[in-house]
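Peer 1:
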Amino acid sequence: MNQAFQRLSAVAPLPAHLRGGVVAIGNFDGVHRGHQSVLERALSEATRNGVPALVLTFEPHPRKVFRPQVPLFVLTPPPMKARLLAGLGFAALVEQPFTRDFASLSPEAFVTDVLEKNLGIRHAVTGFDFHFGKDRQGGPAFLMAAGERHGFGVTLVDAFRDEGAEVVSSSRIRDLLAEGKVEEAAGLLGYRFTIETEVIGGQRLGRTLGFPTANMRLSPEAALKEGIYAVRFRRADGALHDGVASFGRRPTVDDNGAPLLETYVFDFSGDLYGETCQVSFFGFLRPELKFDGLDALVAQMKKDEAEARALLKGVRPLSQLDAEIAF
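The sequence shown lines up with residues -12 to 314 when you count with the numbering used here.
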C-alpha cells in the first residue's frame, strides 16, 4: 500500500509537490476493471513523464445531486475508493465537492478553475464519454481543444470490455451484487467486493450461541442480496481473519431498517467495538432461513462455518489489487 497517499479536497490548495501531475478524471465508483483501464493509462503516463499521478473525483456522486429521490448503491464510498487508488499506486485522490452551483460552471470555467488553477495539470486521462460543465456541454473534443489552449495533454480511453465483449460498468456490478453473485462481481471489479465501516454494538445473541459477531451497519442504499456469505475480515491493524457473515435488514431492531452485516470472525476473541474494519465477500452460501428453535439455528451455523472455511481455503488473488485488499 502506498503509505504517502493523500486524500484531499479540491477546495484546499493542492500541495506544491503534487502540481504538474497526470490527473485521471471521473467518478470511478467501484474502481472496477473498466475504470482501471483509465487509471493504468494515467499511471503509465505519469511514470513516463516522472510526475505525480492523481485522481480527480466528484463527491457526492452527481446522481445523488440530480436525482436525490432515486436510491444509489455507492460501491466505493470515498474512504474505500481512496484505499483502492492507493493500492494501485496513485499519489493522491482529489475530491471535488459536487453541487448544483459547481455543475452550472461552464466547461471553460471547469478547465480554467479546476484543472489549470487548482491542479496545474500536465496531462488529463479520462474515459471516451466523459462530459462536464453546465448541461454536460463539455465533451472529449472540447477537452482536447482546451488542452491545446491551456498547455496540457489529453488521453481518452475507450470503453473496457470483459471476456464476453460486454462493457464493464458499475451498474452491471450493482445488479450482480443484488443477486448475491459476488464471484461474478469480483470478476468485473478485479478484486473482491469489500466494505469498510465501524464495528458497532449488537444484541449479543451470537455470543450466547457460541458465535460472537462483529456488527456493521451499512448505508440504507446498500443493495447486496440478503443472506449468508463466506468473507475475509481485516482489522484496522491489518490482521486478517476468515469468517462467515450474515447480511440483512431487521426493521424491528434497527433504526430505519438499515442493513446490518454480522460477521462471525474465525479464530478470534476480543473486543472490536469502535474499530473500523473491512469485510471482503468471497462467496454466497445461502439465503436467510427461519429455524424451528435455537438448536436448529446453531446446527446450521456450524454447517455455514465449515462451508466458508472450505471455500476460503482454496482462494487465490485475482490481481495485485485483490492481494492488497483481501489477502
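Ideal Cβ placement from N, Cα and C applies to all residues, glycine included. For clarity, every value in this text was computed on a predicted model and none was experimentally measured.
Using CA atoms only, rank isn't needed, just tell me which of Lys168, Arg219 and Ala293 is closest to aspartate 309.
Peer 2: For the residues Lys168, Arg219 and Ala293, the minimum Cα distance to aspartate 309 belongs to Arg219.
Peer 1: Return the bridge partner residues of glutamine 265 from the DSSP annotation.
Peer 2: According to DSSP, glutamine 265 bridges with Glu183 and Arg221.
Peer 1: What does the Cβ neighbour count give for histidine 110, buried or exposed, with the cut at 16 atoms within 10 Å?
Peer 2: Histidine 110 is buried by the Cβ-count criterion.
Peer 1: Residues in the same chain with beta-carbon distance under 6 Å from valine 240, minus the five sequence neighbours each way, listed in chain order, please.
Peer 2: Bear in mind that the predicted position of valine 240 carries a pLDDT of just 41, short of 50, making it unreliable; the figure below should be weighed with that in mind. None.
Peer 1: Comparing alpha-carbon positions, which option in Ala133, Glu208, Gly13 and Ala313 lies nearest alanine 226?
Peer 2: Nearest of Ala133, Glu208, Gly13 and Ala313 to alanine 226, Cα basis: Ala313.
Peer 1: Could you check what DSSP says for glutamine 287 in three-state terms: helix, strand or coil?
Peer 2: Three-state result, glutamine 287: helix.
Peer 1: Within the same chain, show all residues whose beta-carbon is closer than 8 Å to that of leucine 276, passing over the 5 residues directly before and after it, in chain order.
Peer 2: Gln287.
Peer 1: Less than 7 Å between the beta carbons of alanine 11 and glutamine 83, yes or no?
Peer 2: For alanine 11 and glutamine 83, no; Cβs fall outside 7 Å.
Peer 1: To the nearest angstrom, how far is the alpha carbon of alanine 232 from that of glycine 125?
Peer 2: Those two C-alpha atoms are separated by around 45 Å.
Peer 1: With DSSP as the reference, please indicate the residues paired to tyrosine 251 in a beta bridge.
Peer 2: Partner(s): Thr200 and Val231.
Peer 1: For tyrosine 216, count neighbouring C-beta atoms within 10 Å of its own C-beta (all shown protein chains included) and say buried if the count is 16 or more, exposed if not.
Peer 2: Label assigned to tyrosine 216: buried.
Peer 1: Can you find the residues in the same chain that come closer than 6 Å, C-beta to C-beta, to arginine 296, ignoring five residues on each side of it along the sequence?
Peer 2: So the list is empty, once near-sequence residues are dropped.
Peer 1: Would you please verify whether the beta carbon of alanine 173 is less than 7 Å from any beta carbon of chain D?
Peer 2: In the structure shown, chain D cannot be found, because there is only a single protein chain.
Peer 1: Taking 8 Å as the cut-off, does the stretch 171 to 182 touch the stretch 129 to 148 (at least 3 CB pairs, one atom from each stretch)?
Peer 2: The stretch 129 to 148 vs the stretch 171 to 182: no contact.
Peer 1: Could you give the residue range of the beta strand (DSSP E) that holds glycine 301?
Peer 2: From DSSP, glycine 301 is part of no beta strand (DSSP E); its letter is neither H nor E.
Peer 1: Could you give the first and the last residue of the continuous alpha helix (DSSP H) run that contains glutamate 170?
Peer 2: Residues 169 to 176.
Peer 1: If you drop the 5 nearest sequence neighbours on each side, which residues of the same chain put their C-beta closer than 7 Å to that of asparagine 105?
Peer 2: Once the five neighbours on either side are set aside, the close Cβ partners of asparagine 105 are Ala(-3) and Leu1.
Peer 1: Is it right to say leucine 80 is buried, meaning 16 or more other beta carbons lie within 10 angstroms of its own, or is it exposed?
Peer 2: Buried, by the Cβ-count rule.
Peer 1: From Glu135, Arg221 and Leu(-5), pick the residue whose C-alpha is nearest to that of leucine 43; which is it?
Peer 2: When only C-alpha atoms are compared, the closest one is Leu(-5).
Peer 1: Excluding the 5 residues preceding and the 5 following glutamate 208 in the sequence, name in chain order all residues of the same chain whose CB lies nearer than 8 Å to its CB.
Peer 2: Contacts found: Pro58, Leu59, Phe60 and Val61.
Peer 1: Any chance the stretch 19 to 29 sits against the stretch 43 to 56, with 3 or more Cβ pairs inside 8 Å?
Peer 2: They do not touch, by the three-pair rule.
Peer 1: Using only CA atoms, which one of Phe89, Phe15 and Ala69 lies nearest to phenylalanine 117?
Peer 2: Here the closest residue by C-alpha is Phe15.
Peer 1: Which residues bound the beta strand (DSSP E) around arginine -6?
Peer 2: First-last of the beta strand (DSSP E) with arginine -6: -7 to -4.
Peer 1: Should tyrosine 260 go down as buried or exposed, given a rule of 16 or more other Cβ atoms within 10 Å for buried?
Peer 2: That one is exposed.
Peer 1: Tell me whether valine 154 is buried or exposed, calling it buried when 16 or more other Cβ atoms sit within 10 Å of its Cβ.
Peer 2: With fewer than 16 Cβ atoms within 10 Å of its Cβ, valine 154 is classed as exposed.
Peer 1: Just tell me which of Ala201, Phe269, Leu284 and Pro47 has its CA closest to the CA of valine 258.
Peer 2: Reading off the sequence shown, one finds aspartate at residue 258, where the question assumed valine. When only C-alpha atoms are compared, the closest one is Ala201.
Peer 1: Do leucine 247 and arginine 204 have their beta-carbon atoms positioned less than 7 Å apart in this structure?
Peer 2: Contact flag set, yes.
Peer 1: Would you please state the rounded distance, in angstroms, between the beta carbons of valine 169 and glycine 270? I believe it to be under 8 Å.
Peer 2: Going by Cβ atoms, the distance from valine 169 to glycine 270 rounds to 6 Å, so yes, they are a contact pair.
Peer 1: Where do the ends of the beta strand (DSSP E) carrying threonine 34 lie?
Peer 2: Unbroken run through threonine 34 is the alpha helix (DSSP H), 20 to 36; no beta strand (DSSP E).
Peer 1: Counting pairs of Cβ atoms below 8 Å between the stretch 63 to 75 and the stretch 95 to 105, do you hit three or more?
Peer 2: As far as the Cβ criterion goes, the stretch 63 to 75 does not touch the stretch 95 to 105, which means the pair count is below three.
Peer 1: What are the partner residues of arginine 236, as DSSP defines its beta bridges?
Peer 2: In DSSP, arginine 236 forms a bridge with Pro246.
Peer 1: Between Arg222, Arg221 and Gly235, which has its C-alpha nearest glycine 214's C-alpha?
Peer 2: Comparing Cα-Cα distances from glycine 214 to each of Arg222, Arg221 and Gly235, the minimum goes to Gly235.
Peer 1: Mapping DSSP to helix, strand and coil, what is arginine 70?
Peer 2: Here arginine 70 sits in helix by DSSP.
Peer 1: Would you tell me roughly how many angstroms separate the C-alpha atoms of glycine 193 and valine 266, rounded to the nearest one?
Peer 2: Its pLDDT being 49, under 50, glycine 193 is placed unreliably by the model, and nothing is read from it.
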